[in-house]
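These notes are about the structure you will find just below.
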Amino acid sequence: MGADTTTDTATDTSRSHVRAPFAPWDRRDLPGSFDVAETARRVGNYKWTEMKLFEALGGWVATVPELDIKMRLGTHCYRHAWHAELWHKRLPELREMKPERLTAPANDAMERFVAAMTEPEDSGLTIEKLVGVYRVLIPRFIAAYTYHMNNTSEITDAPTIRSLKFALQDEFDDWRDGELMLQSLIKTPDDVRRATEHQAALEDIMVEAGGITGPGSIGPVQ
Amino acid sequence: MTTHVTVMPEQFTLVAYDANRIAAIVRDLASLLGLSNPMAVEVDERTPLSKMSAVVAGTSSDHTITLRLQSGALEDTKHLTNFSEAHARRSLGQVMLRAKDRLRPDFADAPDDLALTNAQNTAWDVYCGGRLDRLGLDPIQQGYRYDFRNRFGFSDEVDCVFDQLWSADDLGWHDLPTVP
Amino acid sequence: MRQFFPVEDLARDDRFVQTNMAERMSDTRSAVDLQRTAKSRGASNRLTPDRHDASDAARSLMHGIMVGEIQALEGAGRTAHDFDAGDGSEGTIPFELKLDMARQAWDEARHVEISVKLSDWMGTEIGQFQENTVLFEAACSNDPVLRLAGVNRALEGLAIDVFTQMKEFGQLADDPFLEFCEDWMLADEVTHVKMGSDWLRRVTENDPDRRAKALDFQRVVDKLFSFGGARGESEESPIGLARRFRELAGFTDDEVDTIAGMDHDALEERKEVVRLARETADV
Ligand SMILES: [Fe+2]
Ligand SMILES: [Fe+2]
Chain W
1 MGADTTTDTA TDTSRSHVRA PFAPWDRRDL PGSFDVAETA RRVGNYKWTE
51 MKLFEALGGW VATVPELDIK MRLGTHCYRH AWHAELWHKR LPELREMKPE
101 RLTAPANDAM ERFVAAMTEP EDSGLTIEKL VGVYRVLIPR FIAAYTYHMN
151 NTSEITDAPT IRSLKFALQD EFDDWRDGEL MLQSLIKTPD DVRRATEHQA
201 ALEDIMVEAG GITGPGSIGP VQ
Chain X
223 MTTHVTVMPE QFTLVAYDAN RIAAIVRDLA SLLGLSNPMA VEVDERTPLS
273 KMSAVVAGTS SDHTITLRLQ SGALEDTKHL TNFSEAHARR SLGQVMLRAK
323 DRLRPDFADA PDDLALTNAQ NTAWDVYCGG RLDRLGLDPI QQGYRYDFRN
373 RFGFSDEVDC VFDQLWSADD LGWHDLPTVP
Chain Z
403 MRQFFPVEDL ARDDRFVQTN MAERMSDTRS AVDLQRTAKS RGASNRLTPD
453 RHDASDAARS LMHGIMVGEI QALEGAGRTA HDFDAGDGSE GTIPFELKLD
503 MARQAWDEAR HVEISVKLSD WMGTEIGQFQ ENTVLFEAAC SNDPVLRLAG
553 VNRALEGLAI DVFTQMKEFG QLADDPFLEF CEDWMLADEV THVKMGSDWL
603 RRVTENDPDR RAKALDFQRV VDKLFSFGGA RGESEESPIG LARRFRELAG
653 FTDDEVDTIA GMDHDALEER KEVVRLARET ADV
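Chains as they are written, first to last, in the working numbering: chain W, 1 to 222; chain X, 223 to 402; chain Z, 403 to 685.
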């Protein structure tokens, strides 16, 4: 594996009426870092985490007093539900006929992370709610999805790549919304302290978890 | 000179309004508007609607002006059945401006308030709204604009007429716009 | 975060003042003519542009729509959150139902956006009128099936009636935005009612008792949402009952007849309360 499978076919233009199966501009390749089982495991972790995220966003809508943020959370809630749906539908295609079986956190630390992220409820804690989602969890989604997209087989795993691209587009948009909301809320040294302390506490757990799919979320574990 | 003001009912039972407070606002507005006529305020507390009308007994300064308001016109819309000073000042200011207009000879042709068409009523309200704004009573201009569009049409031309009316200060009844 | 969220804790900024149904109904003033019976004829209370107070009434209703949409958004978000995914038994709901609730949250968020813009257009300030929290209160039961009945059938059904009335208002007034926006929202609400009806049927497929309980609950909420006859087929009701759109959303004729009957009863009951209060107060 690893051989360049595109060169021969792409440059064979001697018989002009026969088109190469891979056009000259199509540089996709066969090799990928994940087999079917590993892909299914990762997709199961994605689905579990996207579910926890959309549930949290939906639950928090009633708890935030800021009207613009209330509406954003409701909007983002659906996007992550849709990602969970994409992963839910991908699992049976990856030989997991009981998607619930793989709908699981990567490890205990990830479960603890979600519990800590969703803990703030009081109406005065919007900064903490947003920090958990937009400064810790969503950047981890962007990282894990990007790593997966760039390392899976471009040919055998094209359906996962397609879903990753859709999800990533949303993650970037949501991250930007979240960051804007946070910057508009963080106005005093005390706000800065609240945001950074909460972020640090959540990061600690996330580092222990190793990312959304556990150690190896963004590359082989050294 | 303090304007003589009576308020009916003297005691409210369905809403938490105070007749003395209403009278004080009317006296204050009368001095702001330069009205010295005796004022009789009648509030209908049985309905939450907010229709208002003014009746002038004659055009001289000793003729009584009767102001009739449904309870909603004086209400705190955030705490229903409670009185709102700001809302009351706007409503009473509006209806007193109308009464003041009626004292002018060039308003002699104006029909009674309750006989006005919706369009006549709205046009006159807008003329009052602009003046309330300049008196510092804080009417919501966009609300008046919406009422005006509702009666005269949703177009740029109508908006221009609205802007002229809002900024006007010395109009007669026949200067108010009519439905084309 | 708690599993269930009480109505008293709904978070709002300082502009909003909340009230509940008991407080609203203790206001015994009334715009209806007490001499009238349901059969007699007289001036209509229907919210149309030719009413002398048309814009004021439309503004107040639009504010009610806005806060109603906020509560619908909160309710949908809570249902996406409050119940684990499962087979529908023991406080769980199917995964796909959770997804539908998340989708509804997005729809309701758009409805809040739309109604905020429309309020601005009509000259209403956010929080200018008090917010009745009855929608969230009646709609957020701890039983997911009761939520489907209370939110997706009773509340969303009411939304269909209100939007139909506002759409007609916009059409008659020739308002370039109102009819357009109400039409879009109406499409979403019909979808939400259908979604609720489908899920109610599926989740209670093998449990007729649970289904009956849910439909009983819906009737209670429907009567509450008649707001003392403010919605109904009588011309005395400012908001009509939108038979055609309700039919599109999957309500049967019998169901709509039942709601119409309850609206009528609610109106007559309200008039009786007002009559007694006036006698007592002697005004
Ligand atoms: Fe809605
Ligand atoms: Fe809805």
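Glycine is no exception: its CB is placed at the ideal position from the N, C-alpha and C atoms.
Do D563/Z and ligand 1 come close, with the Cβ less than 7 Å from some heavy atom?
-> Answer for D563/Z: no, Cβ out of range of ligand 1.
Closer than 7 Å by beta-carbon distance: list the chain Z residues that pair up with M71/W, in chain order.
-> Identification of chain Z residues near M71/W by a Cβ-Cβ cut-off of 7 Å yields A511, V514, E515, ordered along the chain.
is_contact[H465/Z, chain W] using C-beta, thresh 8 Å = Not an interface residue.
May I ask which residues mark the beginning and end of the alpha helix (DSSP H) holding D509/Z?
-> Its alpha helix (DSSP H) spans residues 497-524.
Chain-ordered chain Z contacts of H88/W [CB-CB under 8 Å] | Those are F497, listed as they occur along chain Z.
Span of the alpha helix (DSSP H) holding T481/Z?
-> According to the DSSP assignment, T481/Z belongs to the alpha helix (DSSP H) that extends over 456-484.
Rounded separation between D611/Z and D624/Z - CA only | Going from the Cα of D611/Z to the Cα of D624/Z covers about 20 Å.
Runs of alpha helix (DSSP H) wholly within the segment 300-331 of chain X (minimum 4 residues, chain order) | Qualifying alpha helix (DSSP H) stretches, in chain order: 307-324.
Out of curiosity, what's the CA-to-CA distance linking D334/X and A345/X?
-> Taking the straight line joining both Cα atoms gives about 15 Å.
Same chain, Cβ closer than 8 Å to H174/X, neighbours up to 5 away in sequence not counted | The first residue shown for chain X is 223 and the last is 402, placing residue 174/X beyond what the model contains.
Please compile the residues from chain Z whose C-beta is within a distance smaller than 9 Å of the C-beta of N259/X.
-> Ordered by position in chain Z, no residue passes the 9 Å Cβ test against N259/X, which lies about 26 Å from the chain.
Can you tell me the Cβ-Cβ gap for F418/Z and H88/W, rounded? I've got them flagged as a contact below 8 Å.
-> Incorrect: roughly 37 Å between the Cβ atoms, too far for contact.
Output, in sequence order along the chain, the residues in the segment 515-536 of chain Z whose CB is closer than 8 Å to any CB in chain X.
-> Listed in chain order, the positions of the segment 515-536 of chain Z with a beta carbon within less than 8 Å of a beta carbon of chain X are D522, W523, M524, G525, T526, E527, G529, Q530, F531, Q532.
Within the chosen definition, does the segment 60-78 of chain W reach the segment 477-487 of chain Z through at least 3 CB pairs nearer than 8 Å?
-> Taking 8 Å as the limit for Cβ pairs, the verdict is that the segment 477-487 of chain Z does touch the segment 60-78 of chain W.
Alpha carbon to alpha carbon, how far is K70/W from V61/W?
-> Rounded to the nearest angstrom, the two C-alpha atoms are 5 Å apart.
Check the Cβ-Cβ distances between L669/Z and every residue of chain X, and say whether any is below 8 Å.
-> No Cβ of chain X is located within less than 8 Å of the beta carbon of L669/Z.
Would you check whether ligand 1 has a heavy atom nearer than 7 Å to the C-beta of H513/Z?
-> Yes; taking the cut-off as 7 Å, the Cβ of H513/Z has a heavy atom of ligand 1 nearer than that.
Residue environment, G211/W, which counts as buried when at least 16 other CB atoms sit within 10 Å = Around the Cβ of G211/W, a 10 Å sphere holds 16 or more other Cβ atoms; the residue is buried.
Interface residues of chain X facing D590/Z [CB-CB closer than 8 Å] | Chain order gives no chain X residues near D590/Z, where near means a beta carbon separation below 8 Å; the closest approach is about 25 Å.
For G479/Z, return the contacting residues in chain W, with the cut-off set at a CB-CB distance below 8 Å.
-> What G479/Z touches in chain W: L57, G58, G59, W60, V61, A62, L73, G74, C77.
According to DSSP, is R340/X helix, strand or coil?
-> According to the sequence displayed, residue 340/X carries Asn and not Arg. In the three-state reduction of the DSSP assignment, N340/X falls in the helix class.
Closer than 7 Å: E510/Z CB and nearest ligand 1 heavy atom = For E510/Z, the CB falls within less than 7 Å of some heavy atom of ligand 1.
Same chain, Cβ closer than 8 Å to D191/W, five either side skipped, listed in chain order = So the list reads I127, L185, once near-sequence residues are dropped.
Enumerate in chain order the residues of its own chain whose CB-to-CB distance from G470/Z is below 6 Å, with the five nearest sequence positions on each side excluded.
-> Excluding residues within five positions, the ones whose Cβ falls inside 6 Å are L537.
Of the listed residues D323/X, R268/X, L255/X, nearest to T281/X (C-alpha basis) = Among D323/X, R268/X, L255/X, the Cα nearest to that of T281/X belongs to D323/X.
CA nearest to the CA of L643/Z, picked from E671/Z, D655/Z, A662/Z | Ranking the options by Cα distance to L643/Z, first place goes to A662/Z.
Just checking my contact of R90/W with S163/W at CB under 8 Å: how many whole Å lie between their CB atoms?
-> Confirmed, about 6 Å.
Check whether the Cβ of E591/Z lies closer than 7 Å to any heavy atom of ligand 2, and answer yes or no.
-> Checking the Cβ of E591/Z against ligand 2 gives yes.
Reducing DSSP to helix, strand and coil, say where T430/Z ends up.
-> Reduced to three states, the DSSP call for T430/Z is coil.
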